[in-house]
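Enquirer:
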Amino acid sequence: GEDVEQSLFLSVREGDSSVINCTYTDSSSTYLYWYKQEPGAGLQLLTYIFSNMDMKQDQRLTVLLNKKDKHLSLRIADTQTGDSAIYFCAEADNQGGKLIFGQGTELSVKP
Amino acid sequence: DAMVIQNPRYQVTQFGKPVTLSCSQTLNHNVMYWYQQKSSQAPKLLFHYYDKDFNNEADTPDNFQSRRPNTSFCFLDIRSPGLGDAAMYLCATSRAGRGGRETQYFGPGTRLLVL
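Chains as they are written, first to last, in our numbering: chain A, 149 to 259; chain B, 3 to 117.
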């Protein structure tokens with residue numbers, strides 16, 4: 149069945165770049181998403197990429213998609229303490245639009 | 003600003019006492035979703051409404067029900083909450099058209115505590 153995997157933790161220093169990785173199994177997914185969740189809050193859509201794209205850049209965020217390896221990454225440039233949160237990768241089920249989430253990566257940014 | 007609103011943000015209920023969580027949206031999206039998120043886990047889809055059509059996930063317990071009286075509002079009813087139902091409940095909306103379902107936008111969530 150469909151599955152999305154992420155590493156659970158990432159720690160970086162303020163000002164460094166962060167790279168959060170994700171692998172997925174459903175090659176028919178049309179869209180892949182990155183959501184951010186701060187403690188006690190809902191999910192904030194950060195960015196998404198259509199499956200026929202390799203890269204998308206949006207200010208400090210860069211998404212890379214390797215369709216052959218079914219690998220998605222989110223790079224955050226100049227990481228700030230306010231970027232500390234849990235980041236969820238999700239793929240959209242091609243049939244019904246259902247989101248399949250990874251376990252979430254907890255990003256910790258140290259001053 | 004167009005948004006997804008959830009009330010209340012925190013809800014405390016007693017074991018076995020029915021509880022209703024509310025979601026409203028000003029995005030005029032035709033699809034509304036309810037997710038359950040337990041601590042340190044990914045959100046898990048419970049069910050969704052495509053317009054007035056209710057779509058239940060196969061593993062959603064019967065204890066969970068939903069109502070959508072109009073486009074803007076959707077309710078999650080937990081008939082007899084157990085301790086294991088304590089979680090964050092997230093509402094999301096999306097637009098569906100000929101191209102399929104579009105991006106889901108989430109509300110801030112309601113944290114449910116069962117005593």
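Glycine residues also receive a C-beta, built at the ideal position from the N, C-alpha and C atoms.
Since this is a predicted model, take the numbers as computed values, not measurements.
Whole angstroms is fine: what's the gap from lysine 215 of chain A's alpha carbon to tyrosine 235 of chain A's?
Expert: Roughly 21 angstroms separates the two Cα atoms.
Enquirer: Does the distance from the C-beta atom of tyrosine 37 of chain B to that of tyrosine 91 of chain B stay below 9 angstroms?
Expert: Result yes, Cβ atoms of tyrosine 37 of chain B and tyrosine 91 of chain B sit closer than 9 angstroms.
Enquirer: Could you please give me the residues that DSSP links to serine 166 of chain A through a beta bridge?
Expert: Serine 166 of chain A is bridged to A:Ile224.
Enquirer: DSSP has histidine 50 of chain B in a bridge; who is on the other side?
Expert: B:Tyr35 and B:Asn57, per the DSSP bridge assignment.
Enquirer: Using CA coordinates, which residue listed in A:Thr229, A:Lys218 and A:Ala238 is at the minimum distance from threonine 173 of chain A?
Expert: Among A:Thr229, A:Lys218 and A:Ala238, the Cα nearest to that of threonine 173 of chain A is on A:Lys218.
Enquirer: With a CB to CB cut of under 6 angstroms and the five nearest residues on each side skipped, what residues in its chain are close to arginine 161 of chain A?
Expert: Closer than 6 angstroms at the Cβ level, and outside the excluded window around arginine 161 of chain A, lie Lys258.
Enquirer: If you reduce the DSSP assignment to three classes, tell me which class leucine 156 of chain A lands in.
Expert: Leucine 156 of chain A falls in the coil class under three-state DSSP.
Enquirer: Thinking C-beta only, is serine 24 of chain B closer than 9 angstroms to proline 10 of chain B?
Expert: Their beta carbons are under 9 angstroms apart, which means proline 10 of chain B touches serine 24 of chain B by this criterion.
Enquirer: Where tyrosine 12 of chain B and glycine 18 of chain B are concerned, what is the direct C-alpha to C-alpha distance, given to the nearest angstrom?
Expert: Spanning the two alpha carbons is a distance of roughly 18 angstroms.
Enquirer: Whose C-beta lies closer than 7 angstroms to the C-beta of asparagine 30 of chain B among residues of the same chain, with five residues either side of it excluded?
Expert: Thr73, listed in sequence order.
Enquirer: Do the CB positions of alanine 89 of chain B and lysine 40 of chain B come within less than 9 angstroms of each other?
Expert: Yes, these two residues count as a Cβ contact at 9 angstroms.
Enquirer: Please go through the same chain and pick out, in chain order, the residues whose beta-carbon is closer than 6 angstroms to the beta-carbon of leucine 180 of chain A, but skip the five residues on each side of it.
Expert: These residues qualify, in order along the chain: Ile197, Leu220 and Glu239.
Enquirer: Could you compute how far the alpha carbon of leucine 193 of chain A sits from the alpha carbon of tyrosine 183 of chain A?
Expert: If I take the Cα positions, the gap works out to 5 angstroms.
Enquirer: For valine 33 of chain B, which option in B:Tyr52, B:Ser26 and B:Thr22 has the closest C-alpha, if you only look at C-alpha atoms?
Expert: Cα-wise, what sits closest to valine 33 of chain B is B:Tyr52.
Enquirer: By Cβ distance, which residues of its chain are closer than 6 angstroms to arginine 81 of chain B, with the 5 residues on each side in sequence left out?
Expert: Correct list, in chain order: Pro20 and Asn65.
Enquirer: Count the other CB atoms, across all protein chains shown, that sit within 10 Å of the CB of aspartate 87 of chain B; report buried if there are 16 or more and exposed otherwise.
Expert: Buried is the call here.
Enquirer: Along the beta strand (DSSP E) that carries aspartate 79 of chain B, what are the first and last residues, could you check?
Expert: 75-80 is the span of the beta strand (DSSP E), which, as asked, contains aspartate 79 of chain B.
Enquirer: Which residue's Cα is closest to the Cα of glycine 230 of chain A: A:Lys246, A:Met203, A:Thr195 and A:Ser256?
Expert: Nearest option by C-alpha distance: A:Ser256.
Enquirer: Take threonine 15 of chain B as the anchor and find which of B:Gly84, B:Ile7 and B:Asn57 has the nearest alpha-carbon.
Expert: Measuring from the Cα of threonine 15 of chain B, the nearest candidate turns out to be B:Gly84.
Enquirer: I need the boundaries of the beta strand (DSSP E) containing lysine 204 of chain A, first residue and last residue.
Expert: Here the beta strand (DSSP E) through lysine 204 of chain A covers 203-206.
Enquirer: Whose CA, out of B:Gly109, B:Gln67 and B:Thr22, lies closest to the CA of glycine 188 of chain A?
Expert: Nearest C-alpha to glycine 188 of chain A: B:Gly109.
Enquirer: Is DSSP giving leucine 85 of chain B helix, strand or coil here?
Expert: Helix, per DSSP.
Enquirer: So, helix, strand or coil for threonine 178 of chain A, using DSSP?
Expert: DSSP places threonine 178 of chain A in coil when its eight states are reduced to three.
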